[in-house]
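Reviewing the structure listed below.
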Amino acid sequence: MHFINGFNQLFDGEKNETIKNMYAEIKKFLKHKKEGDMDTRDILTIKGLIRRGEARTACTYNQIPLERVHFLDLPFYETGRIEKNPISEADINIVLDLLREVKPHQIYVAGDLADPHGTHRVCTDAVLAAIDEEKNAGAEWLKDCRIWMYRGAWAEWEIENIEMAVPLSPEELRAKRNSILKHQSQMESAPFLGNDERLFWQRSEDRNRGTASLYDSLGLACYEAMEAFVEYKPL
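In structure tokens:
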């Protein structure tokens, strides 16, 4: 439904014949597409609508009001290839504008820094660069804000570096799994950090359960799972 709403908003006013022609061109391109070929602008637009719809569905599932969901359309991402462009001032300024509007008390960014050209790493670099600019400018909101880095599905923080560990009940872990499954276009195996055949949600749950088991083995409270974070402190 979110995809349909987004499509209607994007192509509102277009004649049916125009949309039919676009569909035919997309179908023809995909039928003859070869490995390494860049997608057309129309295909990239449709893919973007799919990803936005999945994100909105996950947010709705977690009762997050859609008016609090922001899509930044950062320029670095618009390459049409797996490898993205380096971040630019334009990317940082877009993030800066949102931070100054929201003035958040907590920020969560991906901590999978071993993949230097991956989207998560580049997004994190853009956010941290924007935070550093606000720090240098003496932004008041930043004095009451903490920045937490999380890990994805592949590797956990070393336990001696973990600064916040959040226990997860079985119901909360199930909710996290269901949220991941809302992103249907991302469910296939990813090559980053090896040839692990487990699905993304399976790797994520195993990591969370493994962290809880490690804390339990150290004599601390036993939980179903735990999510671990490391704090980023602007210099």
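To convert, take the position in the sequence shown, counting from 1, and add 12; that gives my numbering. The C-beta atom is built at its ideal place from N, Cα and C for all residues, glycine as well. Since we're looking at a predicted model, the values are computed, not measured.
- Judged by their CB atoms, residue 241 and residue 169 are nearer to each other than the 9 Å cut-off.
- Put simply, of 188, 39, 225 the residue whose alpha carbon is nearest the alpha carbon of residue 216 is 188.
- As computed with DSSP, residue 119 is found in a beta bridge with 159.
- In the three-state reduction of the DSSP assignment, residue 34 falls in the helix class.
- In this model, residue 116 and residue 147 are separated by some 14 Å (Cα to Cα).
- Secondary structure of residue 244 (DSSP, three-state): strand.
- By the Cβ-count criterion, residue 58 is buried, with 16 or more other Cβ atoms from all chains shown falling within 10 Å of its own Cβ.
- By the Cβ neighbour-count rule, residue 136 is buried, with 16 or more other Cβ atoms within 10 Å of its own.
- When secondary structure is reduced to three states using DSSP, residue 61 falls in the helix class.
- Relative to the Cα of residue 245, the nearest Cα in the group 42, 235, 143, 111 belongs to 143.
- Straight through space, the alpha carbons of residue 53 and residue 41 are spaced by roughly 12 Å.
- In the DSSP assignment, the residues bridged to residue 239 are 178.
- With fewer than 16 other CB atoms across the displayed protein chains lying within 10 angstroms of its CB, residue 90 is exposed.
- Boundaries of the alpha helix (DSSP H) around residue 147: 131-148.
- The residues 88, 91, in chain order, have a CB closer than 7 Å to that of residue 97 in the same chain once the five nearest residues on each side in sequence are set aside.
- Contact check for residue 181 against residue 73 fails: the beta carbons are separated by 9 Å or more.
- Cβ contact annotation for residue 134 (same chain, cutoff 7 Å, sequence separation greater than five): 88, 96, 99, in chain order.
- Residue 78 is not a Cβ neighbour of residue 103, given a cutoff of 9 Å.
- Residue state for residue 77 is assigned as coil, using DSSP reduced to three classes.
- Collapsing the DSSP output to three states places residue 168 in coil.
- When the Cα atoms are used, residue 174 and residue 208 turn out to be separated by approximately 24 Å.
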